[in-house]
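Here is the structure we will look at.
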Amino acid sequence: MGQKQAAYDQHGTIVAFYDTVDSPTPPGVSTIDISDDQWHVLIDGQSRGKRAVVDGNMRAALIDPPAPTRDDAAASMRSQRDSAMRATDWLVSRHQDEKLIGNGATLTAAQFAMLIKYRQALREISDADSWPYIALPPAPDFVSGIA
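With UniProt numbering applied, the sequence shown covers 1 to 147.
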């Protein structure tokens, strides 16, 4: 085994690790030499959510990732909201099919109304004053019992 190296980009973010014997650095890649112990610390830190960077003294370091931006939080909440909508799509579809067939429905009229109101609340949540720093409305209790 040779000398461990950490490759970094123009922002100082460590993007890869190399070994001068086992996996030589490609030409043109910026690297710093690191010890085996540093390599283990960096890998462990990354697995715990830290960012590996090259600091101003050209040494490998671990830092906290930047806080998510409002746009990041909004994208995450939209994804959660969309998942919640998809999780109940089948209930709406089944209820409508059962009503069209005319042999009764699994959901009562009150349950279906509650489901539709829940889905509407999900659609409207992005209009809330505290969006995207807001919790999604809870699904009706009967939804988890059916799924």
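Every residue gets a Cβ at the ideal spot worked out from N, C-alpha and C, and that includes glycine. Nothing here was measured: the structure is a model prediction, and the numbers come from that model.
Taking a C-beta distance under 9 Å as the contact criterion, THR106 and ILE146 qualify as a contact pair. In this structure, MET77 lies near SER126, with their beta-carbon atoms less than 9 Å apart. With a threshold of 16 other beta carbon atoms within 10 Å, TYR8 meets it and is buried. Taking the CA atoms as reference points, SER144 sits about 10 Å from THR88. Boundaries of the alpha helix (DSSP H) harbouring THR88: 70-101, taken from the DSSP string. Separation of GLY45 and VAL53 (C-alpha to C-alpha, rounded to the nearest whole angstrom) is 11 Å.
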